[in-house]
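Residue numbers (my numbering): 34 to 587.
Idealized CB from N, CA, C, for every residue including glycine.
Keep in mind it's a predicted model, so treat the numbers as computed, not measured.
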């Protein structure tokens, strides 16, 4: 099929390599990292099935709420080299996974691959991330997104079977422990399909229109495959217990992560919030009322506190929040609405508590929650207020009661995002341009030749290279070192980078070294693929599907 080559896919998408392989518009790193200053884009579109084009990764932080990974990298025990080099640039709530990892608590990692072509060096990023999390003690899951490949790409089942085998062989060859982890096909996992059905009851078509651009021409199976993907992402939490789970992906797969995080919340029995009085506050309003209460009561939650709603309203009227709190919040609107609620509350005491809302609970589960709340509490028709529990204790209690009464108790999944690789010929990698990418099935000599023929960030002449230095941050060959060829050897990436930008390294010798390393990698990988054949044949995964389908574009 004439399509862009998948990068590392989530369950439900095949991430795409972009011409913009860099990150936020910051100066190039000099430590062997991969940050590049790219032209910013006016609009950022994240399409799991389209051709990704992210000109400035900083846009993702502002527009979609993806957080910079360097804010949590100090919390990660022995971080992977993709983290150390800035290849993994963003995350959603990865601190929960890092905390579990550091404390030897349960966590999981899952990603999936849409079998539309051969696995290649872009997929290796995700393979490595899954394997590293497994080595760090996590439960590891790898899935073949075959339902999506059939519904969204029109792949025949015979084609899917062939490609699925190749993906799994490479994953095993790179070190995935199949005895300790789990590999599956979407079409064969009934638990995933049943979970998808339940999640689908909380989603609607207007969301699909807004998130994915679906319209009246979108086939129903494609929509169904999206819900299956959300079930894939939450599936690790059906195994043993709900736990922090990370989904390693390219940024174009973030729509799946956002939808799944929303659905994971919607199916919960209870919603836990912080409250201060009988009325309910929005998140932004709550932040302001908290500031008022802390100022007037010194942070005390004592029942004898004499802070009243009208007191808080008077204080808040003159309050100017710190600059850091104004970045992503419409504080004017929040302040106005909070003042209205406080003034309407009059002399009602203002007192912190946690509030359990009945969202989807059965009557029995709601009664069990009431009984389980220790200390002072107030019970209302649709919620319970508890005065002696912290927010964390309340969250744990709500999840425990939910699971005891046949609920899912899901935690919102976490995610990490890696930069796209540039094609060897410049621009984006594409399966329709064989010279632009290296397949993990390529003959080692072909891999050598592709690297030797690759575009570089070098100057027009050797003299200019020595005088001005090369542009490592614009070089697909340097990316090969940083993303793959140097492995865990940070000193090699630093040396290549430094020698390039200082004019000590010329492109011919640099490409020769990279080409040799690529040939060695492919030789070793394909030997290990051959060894993995027997292991794959022994696994309980059907790679000879008896499904029937239309076999063409839908």
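Query raised in the report: Apart from the five residues just before and just after residue 319, which ones in its own chain have a Cβ nearer than 7 Å to its Cβ?
Result: Indexing the chain shown from 1 puts residue 319 at position 286. If we look at residue 319 and ignore the five residues flanking it on each side, its Cβ neighbours are 307.
Query raised in the report: In the DSSP assignment, what are the bridge partners of residue 141?
Result: Working through the chain shown from its first residue, we reach residue 141 at position 108. According to DSSP, which records beta bridges pairwise, residue 141 is partnered with 172, 278.
Requested in this report: Just mark residue 250 as buried or exposed, buried being the case when its beta carbon has 16 or more other beta carbons within 10 Å.
Outcome: Translated into positions along the chain shown, residue 250 becomes position 217. Exposed: under 16 other Cβ atoms inside 10 Å.
Query raised in the report: What is the DSSP secondary structure of residue 370, reduced to helix, strand or coil?
Result: Along the chain shown, one-based indexing puts residue 370 at 337. DSSP places residue 370 in helix when its eight states are reduced to three.
Report task. Report the residue from 311, 282, 206 whose alpha carbon sits nearest the alpha carbon of residue 115. Result -> On the chain shown, position 82 is the one that residue 115 refers to. Comparing Cα-Cα distances from residue 115 to each of 311, 282, 206, the minimum goes to 282.
**Report entry** CB contact flag (residue 387, residue 444, <8 Å)
**Finding:** Position 354 of the chain shown, counted from the first residue, corresponds to residue 387. Position 411 of the chain shown, counted from the first residue, corresponds to residue 444. Not a contact, by the Cβ cut-off of 8 Å.
**Report entry** Backbone secondary structure at residue 120 - three-state DSSP
**Finding:** Position 87 of the chain shown, counting from 1, holds the residue named residue 120. Coil, per DSSP.
Query raised in the report: Which residues does DSSP pair with residue 391 in a beta bridge?
Result: The residue you call residue 391 lines up with position 358 of the chain shown. 303.
Report task. Assign residue 220 to one of three DSSP states: helix, strand, or coil. Result -> For the purposes of this step, residue 220 is identified with residue 187 of the chain shown, where counting begins at 1. In this structure, residue 220 counts as helix in the three-state DSSP scheme.
Query - Which listed residue (260, 459, 536) has its alpha carbon closest to that of residue 499 - result: Indexing the chain shown from 1 puts residue 499 at position 466. With distances taken between Cα atoms, residue 499 lies closest to 536.
Query raised in the report: When the Cα atoms are used, what is the spatial distance from residue 526 to residue 234?
Result: What you label residue 526 is simply residue 493 of the chain shown in a count that begins at 1. What you label residue 234 is simply residue 201 of the chain shown in a count that begins at 1. Roughly 49 Å between the two C-alpha positions.
Query raised in the report: Going by other Cβ atoms of all chains shown within 10 Å of its Cβ, with 16 needed for buried, is residue 457 buried or exposed?
Result: Residue 457 sits at position 424 when you count from the first residue of the chain shown. Burial call: buried.
Query raised in the report: Quick one: is residue 429 buried, meaning 16 or more other Cβ sit within 10 Å of its Cβ, or exposed?
Result: In the chain shown, the residue the question calls residue 429 occupies position 396. Burial call: exposed.
Query raised in the report: Which of helix, strand or coil does DSSP assign to residue 146?
Result: Numbered from 1 along the chain shown, position 113 holds the residue referred to as residue 146. Residue state, collapsed to three classes: strand.
Query - Exposure label - residue 110; buried when at least 16 CB within 10 Å - result: Here residue 110 is taken as the residue at index 77 of the chain shown, counted from 1. Residue 110 is exposed by the Cβ-count criterion.
**Report entry** Same chain, Cβ closer than 7 Å to residue 128, five either side skipped, listed in chain order
**Finding:** As a first step, residue 128 is located in the chain shown; it is residue number 95 there, counting from the start. Only 105, 108 meet the Cβ criterion.
Query raised in the report: residue 589 lies in the alpha helix (DSSP H); which residues open and close that run?
Result: The displayed coordinates of the chain run from 34 to 587. Any statement about residue 589 would go beyond what the structure contains.
Requested in this report: Would you mind giving the Cβ-Cβ distance between residue 225 and residue 278, rounded to the nearest angstrom? I have them listed as a contact below 8 Å.
Outcome: The count along the chain shown starts at 1 and reaches residue 225 at position 192. The count along the chain shown starts at 1 and reaches residue 278 at position 245. The Cβ separation is near 14 Å, so there is no contact.
Query - Identity of the residues DSSP links to residue 308 by a beta bridge - result: Position 275 of the chain shown, counting from 1, holds the residue named residue 308. Answer by DSSP bridge pairing, in chain order: 386.
**Report entry** Beta-carbon separation (whole angstroms), residue 572 vs residue 211, contact threshold 8 Å
**Finding:** As a first step, residue 572 is located in the chain shown; it is residue number 539 there, counting from the start. As a first step, residue 211 is located in the chain shown; it is residue number 178 there, counting from the start. Residue 572 to residue 211, Cβ: 6 Å. Contact.
Query raised in the report: So is residue 222 buried or exposed if we call it buried at 16+ other beta carbons inside 10 Å?
Result: In the chain shown, residue 222 corresponds to position 189, counting from 1. Burial call: buried.
Query - For residue 352, three-class secondary structure by DSSP - result: For this step, residue 352 is matched to residue 319 along the chain shown. Three-state result, residue 352: coil.
Report task. Just confirm the distance between the C-beta atoms of residue 302 and residue 440, as a whole number of angstroms; I'd bet it's less than 8 Å. Result -> Along the chain shown, read from residue 1 onward, the residue named residue 302 stands at position 269. Along the chain shown, read from residue 1 onward, the residue named residue 440 stands at position 407. Their Cβ separation, rounded to whole angstroms, is 5 Å, which keeps residue 302 and residue 440 in contact under 8 Å.
Requested in this report: Please report how far the alpha carbon of residue 501 lies from the alpha carbon of residue 569, in whole angstroms.
Outcome: Within the chain shown, residue 501 is the residue found at index 468, counting from 1. Within the chain shown, residue 569 is the residue found at index 536, counting from 1. Residue 501 and residue 569: Cα-Cα distance of roughly 51 Å.
Requested in this report: Compute the distance between the beta-carbons of residue 239 and residue 181, then report whether it is under 8 Å.
Outcome: Translated into positions along the chain shown, residue 239 becomes position 206. Translated into positions along the chain shown, residue 181 becomes position 148. Taking 8 Å as the Cβ cut-off, residue 239 and residue 181 do not qualify as a contacting pair.
Query raised in the report: So the alpha helix (DSSP H) residue 451 belongs to, where does it begin and stop?
Result: Here residue 451 corresponds to residue number 418 of the chain shown, with the count starting at 1. First-last for residue 451: 447-451, but that is the beta strand (DSSP E), not the alpha helix (DSSP H).
Query raised in the report: Could one say the Cβ of residue 520 lies closer than 8 Å to chain D's Cβ atoms, at least one of them?
Result: Protein chain content of the structure displayed is limited to a single chain, and chain D is not contained in it.
Requested in this report: Report the rounded CA-to-CA distance for residue 147 versus residue 322, giving the unit in angstroms.
Outcome: In the chain shown, the residue the question calls residue 147 occupies position 114. In the chain shown, the residue the question calls residue 322 occupies position 289. Going by the C-alpha atoms only, they are around 47 Å apart.
Requested in this report: Check whether the Cβ atoms of residue 397 and residue 451 sit closer than 8 Å, and answer yes or no.
Outcome: The residue given as residue 397 occupies position 364 in the chain shown. The residue given as residue 451 occupies position 418 in the chain shown. It is not a contact, given that the beta carbons lie outside the stated cut-off.
Query raised in the report: Closest to residue 291 by CA distance: which of 98, 513, 510, 496 is it?
Result: Locating residue 291 in the chain shown gives position 258, where the first residue counts as 1. The residue with the shortest Cα to Cα distance from residue 291 is 98.
Report task. Look at the alpha carbon of residue 560 and the alpha carbon of residue 484, and state the distance between them as a whole number of angstroms. Result -> Translated into positions along the chain shown, residue 560 becomes position 527. Translated into positions along the chain shown, residue 484 becomes position 451. Each residue's Cα considered, the two are about 21 Å apart.
Requested in this report: Write down the C-beta distance between residue 411 and residue 418 rounded to the nearest angstrom, noting that I regard them as a contact closer than 8 Å.
Outcome: Counting from 1 along the chain shown, the entry for residue 411 is found at position 378. Counting from 1 along the chain shown, the entry for residue 418 is found at position 385. At roughly 4 Å, the Cβ-Cβ gap stays under 8 Å, so residue 411 and residue 418 are in contact.
Query raised in the report: In terms of alpha-carbon separation, which member of 330, 274, 374 lies closest to residue 315?
Result: The count along the chain shown starts at 1 and reaches residue 315 at position 282. Checking every option, the nearest Cα to that of residue 315 belongs to 374.
Report task. List the whole-angstrom C-beta distance separating residue 162 from residue 113, where the pair is believed to meet the contact cut-off of C-beta under 8 Å. Result -> Here residue 162 is taken as the residue at index 129 of the chain shown, counted from 1. Here residue 113 is taken as the residue at index 80 of the chain shown, counted from 1. With a Cβ gap of about 7 Å, residue 162 and residue 113 count as contacting.
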